[in-house]
Amino acid sequence: MTTLTPVDVSALDGPEWLRLRREAAARRAAETPLPSVGEEIWRYSRIDELDLDRFQAPSSRPEAPPGLPGGLSRWLEPVADRAALLVTVNGHLARRELAADAAAAGLVVGAAPEGALGSVMAEPTDAFAQLNDALMADPLLVAVPERATITAPVVVLHWFDAEAAAAYPRLVVRAEAASSLTVVEIFVSSDVGGFVAPVVELAAERDARLGYLNVQRLGRRVWQVASQVAAVGTQAHLVSSTAAFGGEYARVRTDCRLVGRGAHGDLVSLYYGDGDQMLDFRTFQDHQAPDTTSDLLFKGVVADRSHSVYSGLIRVEREARGTNAFQTNRNIKLGEHAWAESVPNLEIENNDVKCSHASTVGPIDAEQRFYLESRGVPPEVADRLIVNGFFDEVIERLPVTALAPLVRSEVTAKLSGLDNPGGPAA
186 MTTLTPVDVS ALDGPEWLRL RREAAARRAA ETPLPSVGEE IWRYSRIDEL DLDRFQAPSS
246 RPEAPPGLPG GLSRWLEPVA DRAALLVTVN GHLARRELAA DAAAAGLVVG AAPEGALGSV
306 MAEPTDAFAQ LNDALMADPL LVAVPERATI TAPVVVLHWF DAEAAAAYPR LVVRAEAASS
366 LTVVEIFVSS DVGGFVAPVV ELAAERDARL GYLNVQRLGR RVWQVASQVA AVGTQAHLVS
426 STAAFGGEYA RVRTDCRLVG RGAHGDLVSL YYGDGDQMLD FRTFQDHQAP DTTSDLLFKG
486 VVADRSHSVY SGLIRVEREA RGTNAFQTNR NIKLGEHAWA ESVPNLEIEN NDVKCSHAST
546 VGPIDAEQRF YLESRGVPPE VADRLIVNGF FDEVIERLPV TALAPLVRSE VTAKLSGLDN
606 PGGPAA
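Position in the sequence shown (from 1) plus 185 gives the number in the working numbering.
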């Protein structure tokens with residue numbers, strides 16, 4: 186698969202149990218071939234262009250704690266009122282903060298203990314999740330105890346500035362029974378060429394309320410292949426969301442497993458590609474228990490020569506009677522050379538269900554544009570208004586409202602041609 190050797194794994198720090206886990210995963214990864222576009226789950230992707238040997242494997246922790254670029258404040262200021270903060274630099278934990286009231290409520294943030302990893306993703310979703318198991322530097326845990334409510338968000342920020350390096354961030358989020366928690370995970374980088382393969386495991390136990398927002402603003406020479414895996418228990422509610430703007434090729438696979446009766450999952454995402462970017466999303470709404478519901482809404486814009494892919498599957502298992510599942514993907518093309526692929530699918534093994542899917546790909550609505558222009562709005566301003574309005578439905582459903590202005594500013598930068606691939610603006 187790639188040049189994984191015992192040196193690659195043993196160079197990483199950590200306790201004995203983690204070293205053994207990495208070694209076992211490395212052996213499995215070395216025997217696992219890279220995927221190809223011939224596989225349905227990788228259809229339309231650029232995976233055949235990836236050469237992992239271009240990227241240096243993670244190494245041991247730097248001797249001196251790495252500093253944080255001042256520009257990162259742009260991403261942290263909107264969530265200054267936060268319960269906790271974890272910052273990683275090139276995959277290594279560099280900062281940990283925990284508010285006193287959150288600590289008193291039982292919130293746990295920091296290094297993941299043995300038993301946390303794989304608690305949701307028992308088997309890797311793909312070869313890159315397998316690599317993550319082998320090469321994660323500092324796996325992290327965010328956990329809230331039973332019946333605790335954490336009102337402020339937990340922020341996990343990943344910064345990458347190492348040229349030709351690979352990083353494998355790992356995060357486990359656990360909301361125990363009847364608890365409430367919101368987590369924001371942010372990925373930003375400088376203008377480097379790199380490879381990032383993050384994995385997040387989300388567990389919402391009985392009656393829990395869990396919100397998760399992933400903001401991706403990597404540089405234009407970074408490849409990302411991410412896995413998000415969630416298990417939603419009885420009467421629990423998950424909102425899992427993504428806002429994707431960066432990367433050369435950025436892929437997110439989302440598995441939402443509704444494992445308890447009455448579980449509910451909302452999957453909401455927005456994405457905006459321009460230049461030569463490719464943004465790739467694969468989703469699985471997996472209904473395993475009775476009376477479960479899911480609602481997916483993904484909206485994207487592609488401009489210039491950029492491409493997007495959305496492929497989603499609603500799977501209803503035999504025991505999941507009473508399922509209600511919805512899947513919607515809408516795309517706007519802002520140029521004749523832009524391209525969007527939308528492939529919704531259903532796999533149903535029980536007749537007592539309500540499932541629907543819808544997808545659209547097309548230019549800006551001519552009637553909306555005509556309406557605005559007929560009232561004196563210049564064409565370029567009309568297009569901006571329409572695109573911003575197009576994304577409103579998603580932004581209003583993001584689980585962290587404090588970040589809505591930042592997400593809108595990213596959309597505005599794309600529309601204005603001010604997108605800066607060189608890293609976070611100050």
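Backbone N, C-alpha and C define an ideal beta-carbon position, used for all residues, glycine too. From a predicted model like this one, the values you see are computed outputs, not experimental measurements.
- Under a 10 Å Cβ-count criterion, Arg-239 is classified as exposed, with fewer than 16 other Cβ atoms of the shown protein chains found around its own Cβ.
- DSSP places Phe-483 within a strand segment (E or B) once states are collapsed to three.
- Within a 10 Å sphere around the beta-carbon of Asn-399 sit 16 or more other beta-carbons, which makes this residue buried.
- The three-state reading of DSSP puts Ala-589 in helix, counting H, G and I together.
- With respect to Thr-419, Gly-450 sits apart: the two C-beta atoms are not nearer than 8 angstroms.
- In chain order, Pro-263 place their CB closer than 6 angstroms to the CB of Leu-588, counting only its own chain and leaving out the 5 sequence neighbours on each side.
- Using a Cβ distance threshold of 8 angstroms, Gln-470 and Arg-506 do not count as a contacting pair.
- The alpha carbon of Pro-243 has as its nearest neighbour, out of Ile-371, Arg-582, Asp-346, Thr-427, the alpha carbon of Asp-346.
- For Phe-466, no alpha helix (DSSP H) encloses it; the enclosing beta strand (DSSP E) starts and ends at 463 to 472.
- Taking each of Gln-409, Asp-459, Asp-461, Tyr-457 in turn and checking the Cα distance to Arg-438, the smallest one comes out for Gln-409.
- Pro-529: member of the beta strand (DSSP E) spanning 524 to 533, first to last residue.
- Nearest C-alpha to Arg-394 among Val-407, Gly-378, Ala-416, Ser-375: Ala-416.
- Per DSSP, the beta-bridge partners of Glu-370 are Val-341, Asn-399.
- In the three-state reduction of the DSSP assignment, Ser-375 falls in the coil class.
- Closest in alpha carbon position to Pro-548, among Val-572, Leu-271, Leu-342, is Val-572.
- Ala-510 sits in a strand when the DSSP states are folded into three classes.
- Burial state of Pro-218 is exposed, judged by a 10 Å Cβ sphere holding fewer than 16 other Cβ atoms.
- Straight-line measurement puts the Cα of Val-357 at about 24 angstroms from the Cα of Gly-497.
- Classified as buried, Val-444 has 16 or more neighbouring CB atoms from the shown chains inside 10 Å of its CB.
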